[in-house]
Amino acid sequence: MTPSKLSAALLALTLASPIAAQEAQSLRQRVEAKLAEVGPGTRFGLIVTAEDGREIVAINPDQRFIPASNTKIFTTAAAFATLSGLDQPDADSGTAVRLDLSGKTAPDVILEGHGDARLSSAKDCTADCLATLADAVAARTRVVHDVIGDDSIYPDQRWGPGMSWNNIPSRSGTAASALTLDDNELPLSVTPGKIGAAPALDFPPYYQVDNRAVTVAAGETKLDFDRAPNGMSLRLSGVIAVGAKPEVLRLGIDDPAHYAAWTFRRLLEARGVRVTGAVTARHRPLTSADDPKERLGAPVTRQPFAAPLARLTPLPLAQDLTLINKVSQNLHAELMLRRVSYRDGSGSIADGAAAVGAMLERAGVPRRAYDFSDGSGMSSYNRVAPRGVTILLRWIAGQPWGAAFRETLPIAGVDGTLAKRFSGTALERRLFAKTGTLNASSALSGYMTGKSGRTLIFSIYANDMPEGVSATKTMDAALELIAAEN
5 MTPSKLSAAL
15 LALTLASPIA
25 AQEAQSLRQR
35 VEAKLAEVGP
45 GTRFGLIVTA
55 EDGREIVAIN
65 PDQRFIPASN
75 TKIFTTAAAF
85 ATLSGLDQPD
95 ADSGTAVRLD
105 LSGKTAPDVI
115 LEGHGDARLS
125 SAKDCTADCL
135 ATLADAVAAR
145 TRVVHDVIGD
155 DSIYPDQRWG
165 PGMSWNNIPS
175 RSGTAASALT
185 LDDNELPLSV
195 TPGKIGAAPA
205 LDFPPYYQVD
215 NRAVTVAAGE
225 TKLDFDRAPN
235 GMSLRLSGVI
245 AVGAKPEVLR
255 LGIDDPAHYA
265 AWTFRRLLEA
275 RGVRVTGAVT
285 ARHRPLTSAD
295 DPKERLGAPV
305 TRQPFAAPLA
315 RLTPLPLAQD
325 LTLINKVSQN
335 LHAELMLRRV
345 SYRDGSGSIA
355 DGAAAVGAML
365 ERAGVPRRAY
375 DFSDGSGMSS
385 YNRVAPRGVT
395 ILLRWIAGQP
405 WGAAFRETLP
415 IAGVDGTLAK
425 RFSGTALERR
435 LFAKTGTLNA
445 SSALSGYMTG
455 KSGRTLIFSI
465 YANDMPEGVS
475 ATKTMDAALE
485 LIAAEN
């Protein structure tokens, strides 16, 4: 380049930079104005970058926010980064059954969980079916003593620190266990009766139900239920209209290993197997050995399993990773965190958080940008900074499994938790992101295609919303504004 051309280029760059800076400042001001429409009290964090990391808009990018279900981004990314054979049948996690005589005249039946999240007792089950294991027992013996649910490969840590206790009775807060059945949910079908009478109930008789609901002449069905943690008595209240369709409530399970054993007993008895003993659960207490900070590098010791009578082989784990992100499945995310940690640790939450932290260190995410107490985002103790999230997402995009990870995310206006968002906008089918909703918290992070056709990486959070205030539409509008100008 000649001196005259070089001078001209430098002059053009000098003139262009202030213009670019002014345009960026103007866009930020308009985005801030849009977010301000939510009203006082709500705290926002936002960053949007180009694929090369260049920042386009940044508002409080280094403040820490409750990520809600954006936590699942970190959990599923850790699975992609640390586990192998995700597209192969998941033999490692398959539930097993074995018989143990232990000096008794009839053997105990031990149902062993190995971390599978997809074991099913559904009548129309075709894969990963509990009935297959019941058939194996029935083919070997006609009398058994105790039926034992064993989830001891992971420590007994059913809920993450910081999860609200009021979520425990619901499907959102059902307990995590290495022995999981039917998503650790129990369906309760409520059918209206005569006006003024209690509705009829149809459910597996695991809980005792105090039915205080009432059938009314007309109006909207409003049913509620409550149960003390680890309690077996559930109170149903509310109203259901006389002509309404049956309402199906999903009840959480506090001791999944016991519930699986209880269900297994019913399957055995249906096959003519006589059970002479009790239904019990076998857990492994949480100890200091389950915390990497307490272990100080000492290896984790594991007891070998006896040869099983039969063992299931679940479908590929990649399908479960897609389920976790598409519909924001809390229980499966919690089990994935334990699964990730079991390779080098004990299957504890602390070991899972350490595995996620090791991945984030490799990705170049500053340590101050995150803290995790669970794998699903139900914990109010979790914290992330938007800039840290986009650093991770950019790193993911450069990994061999980056495209596979992106395919697990909901698509705007198409599926999952984004099926009804961005419909009819320029971002429909052009935004791929994980949602998040928790008490006074809303989140969205992922990838979107700007008007120019370039990929943008973004992370946006709203925290501390006053009661009755929603920031979702405003957050979406802010992203639409940014995408329209990039």
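The sequence shown maps to residues 5 to 490 in our numbering.
The C-beta atom is built at its ideal place from N, Cα and C for all residues, glycine as well.
C-beta atoms of residue i and residue j nearer than 7 Å
i: Thr412; j: Leu335; result: no
i: Ala498; j: Arg162; result: The chain is shown only over 5 to 490; residue 498 falls outside these bounds and no answer can be derived.
i: Leu327; j: Ala367; result: no
i: Arg239; j: Asp214; result: yes
i: Ser73; j: Gly440; result: yes
i: Asp120; j: Ser97; result: yes
i: Ala248; j: Thr225; result: yes
i: Pro312; j: Ala100; result: yes
i: Ser383; j: Asp294; result: no
i: Tyr385; j: Gly166; result: yes
i: Asp160; j: Arg288; result: yes
i: Tyr263; j: Met236; result: no
i: Pro173; j: Arg254; result: no
i: Ala359; j: Ala83; result: no
i: Pro296; j: Asp348; result: no
i: Ile77; j: Lys330; result: no
i: Ile70; j: Ala62; result: no
i: Asp112; j: Ile152; result: yes
i: Gly164; j: Asp378; result: yes
i: Asp91; j: Ala322; result: yes
Residues near residue i in its chain [Cβ-Cβ closer than 8 Å; skip 5 each side]
i: Ile415; result: Leu422, Arg433, Leu435, Phe436
i: Arg398; result: Thr53, Glu55, Gly57, Ile461
i: Ala142; result: Leu272, Arg275, Gly276, Val277
i: Ala135; result: Ser125, Cys129, Leu271
i: Gln403; result: Phe84, Ala85, Phe409
i: Arg458; result: Ala54, Glu55, Asn490
i: Ala140; result: Val101, Leu313, Ala314
7 Å Cβ shell around residue i - same chain, five flanking residues per side excluded
i: Pro250; result: Ser193, Val194, Thr195
i: Leu364; result: Tyr374, Leu396
i: Thr46; result: Ala466, Asp468, Met469, Val473, Ala475
i: Pro203; result: Val194, Thr195, Pro196, Gly197, Ala217, Thr219, Ile244
i: Lys9; result: Here the model assigns Lys9 a pLDDT of 48, short of 50, so the residue's position is not dependable, and the following value carries that caveat. Taken in chain order, the list of residues that qualify is empty.
i: Thr429; result: Glu484
i: Ser456; result: Asn490
i: Leu39; result: Phe48, Thr478, Ala482
Exposure of residue i, with buried meaning 16 or more beta-carbon neighbours within 10 Å
i: Gly420; result: buried
i: Ser463; result: buried
i: Ile491; result: Lying before the first or after the last residue shown, residue 491 is absent from the chain, which here runs from 5 to 490.
i: Glu338; result: buried
i: Val42; result: buried
i: Leu137; result: buried
i: Thr492; result: Nothing in the structure corresponds to residue 492, since the chain is present only between 5 and 490.
i: Asp206; result: exposed
i: Arg102; result: buried
i: Ser380; result: buried
i: Leu15; result: The predicted model places Leu15 with a pLDDT of 42, which falls under 50 and marks its position as unreliable; any figure quoted below should be read in that light. Under this definition Leu15 is an exposed residue.
i: Thr184; result: buried
i: Thr79; result: buried
i: Asn234; result: exposed
i: Asn188; result: buried
i: Leu442; result: buried
i: Trp266; result: buried
i: Pro209; result: exposed
i: Leu300; result: exposed
i: Pro65; result: buried
Beta-carbon contacts of residue i that lie in its chain and below 6 Å, excluding the five residues immediately before and after
i: Arg122; result: Asp132, Pro318
i: Gly281; result: His149, Asp150
i: Thr18; result: Low confidence applies here, because Thr18 scores a pLDDT of 43, under 50, leaving its location unreliable; read the following figure in that light. The answer is none, since no qualifying residue turns up.
i: Val147; result: Ala110, Arg278
i: Val252; result: Pro191, Ser193
Distance cut-off 6 Å: residue i Cβ against heavy atoms of the ligand ADP
i: Ala126; result: Absence of the ligand ADP is noted for the structure shown, with no ligands found whatsoever.
Run through the region 419 to 448 for me and flag every whole beta strand (DSSP E) of 3 or more residues, listed as ranges in chain order.
With a minimum length of 3 residues, the continuous beta strand (DSSP E) runs that stay inside the region 419 to 448 are 435 to 442.
On the three-pair Cβ rule with 8 Å, is the region 462 to 481 touching the region 440 to 450?
With a cut-off of 8 Å, the region 440 to 450 and the region 462 to 481 count as touching, because enough Cβ pairs lie within range.
Can you check the region 135 to 183 for any beta strand (DSSP E) of at least 3 residues that lies completely inside it and give the ranges in chain order?
Runs of beta strand (DSSP E) with 3 or more residues, each lying fully within the region 135 to 183, are found at 151 to 154, listed in chain order.
With a threshold of 8 Å, are at least 3 pairs of Cβ atoms found where one atom belongs to the region 114 to 121 and the other to the region 140 to 158?
yes
Is the region 300 to 307 in contact with the region 388 to 402, if contact means three or more CB pairs nearer than 8 Å?
Not touching, per the Cβ criterion.
For a minimum of 4 consecutive residues, which ranges assigned as the alpha helix (DSSP H) are wholly contained in the region 318 to 402?
Listed in chain order, the complete alpha helix (DSSP H) runs (minimum 4 residues) inside the region 318 to 402 are 321 to 331, 334 to 346, 353 to 367, 390 to 401.
If you scan the region 46 to 81 from start to end, which runs of the beta strand (DSSP E) of 3 or more residues do you find wholly inside it?
47 to 54, 59 to 63
Runs of alpha helix (DSSP H) lying entirely within the region 95 to 137, each at least 4 residues, in chain order
none
Can you list, in chain order, the stretches of the alpha helix (DSSP H) that have 4 or more residues and sit fully within the region 232 to 275?
260 to 274
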